[in-house]
Structure formats: structure tokens, C-alpha cells
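Inspection log for the structure reproduced underneath, given as C-alpha cells.
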Amino acid sequence: MPSAYEPQYERASRLNPELAAQYIRHTVLDDPFADKVVAELGPFGISEANRFIRAGMNRDGKTLRTAPRAVRDFFEVLEIPPPWWDPEAGRPGIRAFHDYSDVFIPAFFVATVQNAATLIAKGFYATGRVNSSFGPRRIRQNTRHFIEIMLPGALDRGGEGWRLSVRIRLVHAQIRHLIRASGRWDESVFGAPLSSAHMGVASANFSATMLKQATRLGAVMNRATRDSFMQIWRYASWLIGTPESLLFEGEEQKTHELYRIARACEPQPGMESAVIARALFEALPKIAGKTDPEEAKAMRDQAYRVTRALIGDEMADQLQLPKFRSRAILPIMRNTRRLTRVHHRLVPSVAAAWRSSAFAFLLDSALLDDLSYRLPDHLDAEKATPW
Amino acid sequence: MSIEVAWSRDCGTLVATLAGRIDGANSIECADALRSGIRDDEPSLILNLSQLEYIGSAGLRVLLLTARKFTRPGQGFGLCELSPRVGDVVTVSGFADIISVYGSQRDAVAAIAAGKQARTPATTEPADGGIRLQRSVDMDVLGENLSDIATYTIEKHEFTNPALSAGLREEAYTAITGVLWEEVERIMRRREEILAGMFQRAVATLEEVLARADE
Numbered sequence: 000m001p002s003a004y005e006p007q008y009e010r011a012s013r014l015n016p017e018l019a020a021q022y023i024r025h026t027v028l029d030d031p032f033a034d035k036v037v038a039e040l041g042p043f044g045i046s047e048a049n050r051f052i053r054a055g056m057n058r059d060g061k062t063l064r065t066a067p068r069a070v071r072d073f074f075e076v077l078e079i080p081p082p083w084w085d086p087e088a089g090r091p092g093i094r095a096f097h098d099y100s101d102v103f104i105p106a107f108f109v110a111t112v113q114n115a116a117t118l119i120a121k122g123f124y125a126t127g128r129v130n131s132s133f134g135p136r137r138i139r140q141n142t143r144h145f146i147e148i149m150l151p152g153a154l155d156r157g158g159e160g161w162r163l164s165v166r167i168r169l170v171h172a173q174i175r176h177l178i179r180a181s182g183r184w185d186e187s188v189f190g191a192p193l194s195s196a197h198m199g200v201a202s203a204n205f206s207a208t209m210l211k212q213a214t215r216l217g218a219v220m221n222r223a224t225r226d227s228f229m230q231i232w233r234y235a236s237w238l239i240g241t242p243e244s245l246l247f248e249g250e251e252q253k254t255h256e257l258y259r260i261a262r263a264c265e266p267q268p269g270m271e272s273a274v275i276a277r278a279l280f281e282a283l284p285k286i287a288g289k290t291d292p293e294e295a296k297a298m299r300d301q302a303y304r305v306t307r308a309l310i311g312d313e314m315a316d317q318l319q320l321p322k323f324r325s326r327a328i329l330p331i332m333r334n335t336r337r338l339t340r341v342h343h344r345l346v347p348s349v350a351a352a353w354r355s356s357a358f359a360f361l362l363d364s365a366l367l368d369d370l371s372y373r374l375p376d377h378l379d380a381e382k383a384t385p386w
Numbered sequence: 000m001s002i003e004v005a006w007s008r009d010c011g012t013l014v015a016t017l018a019g020r021i022d023g024a025n026s027i028e029c030a031d032a033l034r035s036g037i038r039d040d041e042p043s044l045i046l047n048l049s050q051l052e053y054i055g056s057a058g059l060r061v062l063l064l065t066a067r068k069f070t071r072p073g074q075g076f077g078l079c080e081l082s083p084r085v086g087d088v089v090t091v092s093g094f095a096d097i098i099s100v101y102g103s104q105r106d107a108v109a110a111i112a113a114g115k116q117a118r119t120p121a122t123t124e125p126a127d128g129g130i131r132l133q134r135s136v137d138m139d140v141l142g143e144n145l146s147d148i149a150t151y152t153i154e155k156h157e158f159t160n161p162a163l164s165a166g167l168r169e170e171a172y173t174a175i176t177g178v179l180w181e182e183v184e185r186i187m188r189r190r191e192e193i194l195a196g197m198f199q200r201a202v203a204t205l206e207e208v209l210a211r212a213d214e
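Sequence lines, in order, name chains A and B.
Just so you know, numbering that gives the first Met the number 0 puts 353 at position 354 of the first sequence, and the rest follows in order with no gaps.
Just so you know, numbering that gives the first Met the number 0 puts 46 at position 47 of the second sequence, and the rest follows in order with no gaps.
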């Protein structure tokens, strides 16, 4: 067991011994399939590597034939989805996301903050990329991926959701390789960088935890819709490289349990987690285009309030989030949302204008100047070619 | 795969036919291609998507930003002939609630030529040439729908006065519904005050009962 996990393990194993042991086992596992791709691409240099990946994404068979074996195998295996994936089963979840995008996006942000409360934060910190552009870029990339997988057909082989999910897997593999080569990571202490365990906890956060938070913010979804949403994330997570042993067939309660036990196993959030959480909150006004300092502060304060209400005081204090009274915020938000929906039913022109600006905000918050399938070529942001 | 844009005019309306796919890799290229074909004073644009095989979120953003160039009075914008796959994305994402979507280019051209008809009072023209109101004047039914109150008020004015222009009718409708919504919000705030008062009376009454019991 990596030594960073030892202090909490006894308590975690009292909660669920089997799952705690399983989680800890995954802390030393990486992603052999994707790691092999990165290893075999290494000797070709970053330009050729990117060319081969682009060929794989675009199904350019002619170029792929000249690529290393591992690259060809990688795309060949991912070409065929697992037997449990049914694109039609994802439609209710997709519809729910668009019906409730105004609560899913905040819930998604909160799930991103919760990921920072684990040793995932240490992985980011090791890349030296936690600078002023980290927060906006992280939120935009994550949001882009989320929005993209929530469109019909997006997870089909030619879909953008498929491509972005696979890209995430390869970027993780490359970062893992760069971190290991840097000598900055002690696996006997922290486990594998960007370990399978962390893939699992992130998947759990972005699926079951997000569903829970969206519900607390006012989304109303029946069982079938929730299951559908879970299945979308199950397949996206599978493409990202989360092992099936931590996907629990996309069952919401089992996935919740994984998050609960992972939280219990993970070391208490340290300085890296607090810095990353802060960077995420600082990014919000920038993404929303709030240049007035007072408006920016008001937006951040509201985000702190809502996040604290959703994640609880214990985690909020561990992440050193500002203290706000947050007890009434969730009922107020739910009521406000209900009133807004009534308003929209009564005044369709207002509803249309709201949807237009909400949709535009959604698309804008995910905007990246360009999207490439380039892999990072250096761990340090200052030395890396833009990717 | 890149995006190709072919320009044409249909009954004077500018039409851009997009072929290929719009995704994160080529959305900037697509936006540039659309921008380059639109004059500053172009009144309307129809995007024919019959040959568009795929659209992702970046593509939807390009469409939304393009649509926003045609929001002034007298301008028109619409999508037409969506392939099933693209139609699915546009419908499920709610995009079709924001942007006009037509089954055929002919329908799109006709709609734009006719101008926007949003919230035009529903009227019928009876055989004698007069104009009658379709909606009931039942105040109980009307009172529940701010939109109907606004429409009825305008129609009632037009019954004995010259008809308002489309722009003035739109302005009146928006102003009336805005004021009515303020009334609704005032009523809701008052309702909350009344409810809070009821709880306070309930607590005070309980205290009275308990005080009498102690005596």
C-alpha cells in the first residue's frame, strides 16, 4: 500500500473492507493499454506521435498502417464498444442534461472541486501547470467534454464525445509518463500518478455524485433517467480508461459507495488541493465574462456558498474555502428555479431569451481556442508546446 | 474532415449550404467561412444542413453566433433540411427552441419572406370581412395566463382603433407581460408575507394556550 494511504486505511476498511481493499489495490495501477501507446510513440518524437493519434481519431487507415503496433491495437480495440453500451439507452439522460443544464453545470463544477480534494491534486501540481490559466482551462476542458458527451451520437465512433474521451485517456498516459520521467513522484508514497483509483473516483464524482448534487439543486429525474445518465458516464469513463472493476456496471448506489470509500481512503486534502480549488473558483468570473470586480466577487461568493452547502463543511474547510452561511442556500435555489420555470411557462418570450443566453453561456464556457489531439511534450507548462 | 460552404440565393434570400462536419477541430474554419460570405447589410440567412453529417457543441456555437447577426427587426435566420443525425442533436439539445428550423429550404425562404409572426394575435377573418377574436373572454380562464391577458388587451384596443404595426404590437406585448410579471412577483411576495404572518399567529396562539394552561 502506498504509505500516504496508510493512516486512513483502517477507518476506511471498517466502513467497507472489500471496497477499501479494492480501491487501495487500484492506487498502484496505471493504464497499461494507453501507457504502451505512449511508450511506443516516444521514439518518434511529439510531432509524429500527434500525427499518428490524429490518424487514429480520424480513421486514417493509410497513416495508421505506419504507426507503432500499440497505436494500431489501441484504436482497433476501441473501435468496438463493449456489449453493454446501448446509445439509445443514453437518450433520457441526455434530455435531462439539457432540460436541467442550469443545475448540471454548477453540479459539474462542484464535482471538479471534489476531485481536487484527492491526490488527483498532487498529480496536477506535479505538472507545474497550476498557474493563472490553469483554472479557466481546466473548467473549459472539463465542461467541453461534459457537454459533448451529452449530445446524441457524440459517443459514436465518429463523435466528438468519443474523440475527447479517448484524447483524455492518451493525455493522462502521456502525463503519467512525463511525471515518472521527471523523478518528482514517489510511487511508494503516492501510488501510480493518475492511478486507476483516481480514474475511478473521478468517474464516480462526475456520474453518481453529480446526479446527487443536481437533484439537490432542483433537477427532478426518475429512475430510468438517472440510470440512463449513469450509463453515458459508464461508457465515457470506459473510453477514458477507468477499469470496469471500478465502474460497477454504472449502478448509481454502488458508484456512490465507491466515492464514499475513496474519500475515506484518500489522505486529507493538503496544500495542493486548496490551491487547485482556489484556482477553480477564481476562474469562474473570467469564464462568465465578469470584469467588474464587485460582480466577480459576488459570483465567486455565491459559488463558495453553494459549494459549501453541497460538499459539507468538513471538506470545504479542508479545502480552505471561505466560510459562508450556507444552510438556506439550497432550498432558496430550488425555489428560485421552480419560480423561474413558472415564469417561463407564463412568458414564452422570456423563456426563449433565457434559453438562448443560457445555451450560449454553456457553449461559451466550454470554448477553447482550438482543439487538437496533441499530447503534451513537456511536464512544465513553460517548456511545453501548446497542446 | 473539413467543412465546405456553398453560397446561393433563393428568391433573394442568402443561403449557405454546409457539407461535411462541424466539430472542435474545424469550428473556427467554419465560422470564418460563414463570416466571409455575409455582407454587413445582409438582411437574412438560411443555412441548408442537408449535407452536414455531424455537428458537435462547437458547431452549435458557430450556428448560434451566426444567428445573432440577424436579430434586428426585419432580419431573418433559419436552418433547413437537417439530416436526421443533425436534427436529433438540434432537437434534443433544445437548440430548435432558440433557432427557427424548417423542413425544406422552400419553407424557410417563405417564412423569412413573410417576416416573423411570433405572438401575432390570433384572429380569423369571417365572411363579412370583420375581424373577430378567437379567444374566450372568460376572465377566470384569461386571468391564469399573462400572455392571454396581454394579447386580449391589445386585441380589444385594435377592435375600436387602427391596428398596431408589428413592431409596436411586439413592444406593447413585451411591456404588458413585463408589468404583469411584476404584479405576479408582488402577489407572490405578499403571499409569503401572509404565510409568515400565519405562522407567527400560530406560534402566538400556541403560547396563549400554554400560558392559560399554566394558570
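All C-beta atoms, glycine included, are put in the ideal place defined by N, C-alpha and C.
Note that the structure is predicted; figures quoted are calculated from it, not measured.
Please state if the CB of residue j and the CB of residue i are separated by a distance shorter than 8 Å.
i      : j      : result
L318/A : V88/B  : no
S364/A : R166/A : no
W270/A : G249/A : According to the sequence displayed, residue 270/A carries Met and not Trp. Contact flag unset, no.
F103/A : A213/A : yes
L309/A : R215/A : yes
Q74/B  : D9/B   : no
I231/A : G92/A  : yes
A273/A : T208/A : no
V85/B  : I54/B  : yes
I97/B  : V61/B  : no
S82/B  : L63/B  : no
If the cut is a Cβ gap below 7 Å, which residues of chain B does residue i touch?
i      : result
P242/A : Those do not exist, as P242/A stays about 27 Å from chain B at its closest Cβ, beyond 7 Å.
I93/A  : V91
Hey, is residue i's beta-carbon within less than 8 Å of any beta-carbon in chain A?
i     : result
V91/B : yes
I97/B : yes
A18/B : no
L33/B : no
Y53/B : yes
Residue i versus chain A: which residues are under 7 Å apart at the beta carbon?
i     : result
L59/B : L362
G77/B : Here the premise fails: no neighbours, minimum Cβ distance about 15 Å.
Distance cutoff 8 Å, beta carbons only. Does residue i sit that close to anything in chain B?
i      : result
G89/A  : no
L177/A : no
D72/A  : no
E78/A  : no
I104/A : no
H97/A  : yes
R68/A  : no
I388/A : Summary: the structure shown does not reach residue 388/A, with chain A confined to residues 0 through 386, and so no result is reported for it.
Using the beta-carbon of each residue, which ones in chain B are nearer than 9 Å to residue i?
i      : result
P151/A : R84, D87, V88, T90, V91, S92
R143/A : G23, S56, A57
Could you say which of the options lies nearest to residue i if we only look at CA atoms?
i      : options                        : result
R38/B  : T65/B, G102/B, A107/B          : T65/B
K322/A : Q301/A, L257/A, A201/A, E47/A  : Q301/A
A216/B : R84/B, L209/B, S43/B, R188/B   : With chain B covering only 0 through 214, there is no way to say anything about residue 216/B.
W180/B : E3/B, I97/B, V85/B, I148/B     : I148/B
K35/A  : F74/A, E293/A, R183/A          : F74/A
D155/A : N57/A, A383/A, A261/A, T335/A  : N57/A
G122/A : I146/A, G157/A, W184/A         : W184/A
A235/A : S206/A, A115/A, E17/A          : S206/A
L13/B  : L33/B, G23/B, E28/B            : L33/B
R340/A : D379/A, G217/A, L14/A          : G217/A
A327/A : R307/A, M314/A, A315/A, D316/A : R307/A
T26/A  : Y303/A, T142/A, T117/A         : T117/A
T126/A : T62/A, V305/A, G182/A          : G182/A
A276/A : F247/A, A261/A, M314/A         : M314/A
Residues of chain A with CB closer than 9 Å to the CB of residue i, please, in chain order.
i     : result
D63/B : A quick correction: the sequence has Leu, not Asp, at residue 63/B. Result: S355, F358, A359, L362.
Can you pull the chain B neighbours of residue i, defined as C-beta to C-beta under 8 Å?
i      : result
I146/A : S56
Within the chosen definition, does the segment 170 to 177 of chain A reach the segment 190 to 208 of chain A through at least 3 CB pairs nearer than 8 Å?
-> yes
Does the segment 276 to 291 of chain A come within contact of the segment 77 to 96 of chain A, defined as at least 3 CB pairs closer than 8 Å?
-> no
Contact the segment 261 to 268 of chain A vs the segment 4 to 20 of chain A: 3+ CB pairs below 8 Å | yes
Are the segment 31 to 39 of chain A and the segment 249 to 259 of chain A touching, with three or more C-beta to C-beta distances below 8 Å?
-> no
Take every Cβ of the segment 47 to 54 of chain B, pair it with every Cβ of the segment 67 to 81 of chain A, and state whether three or more of those distances are shorter than 8 Å.
-> no
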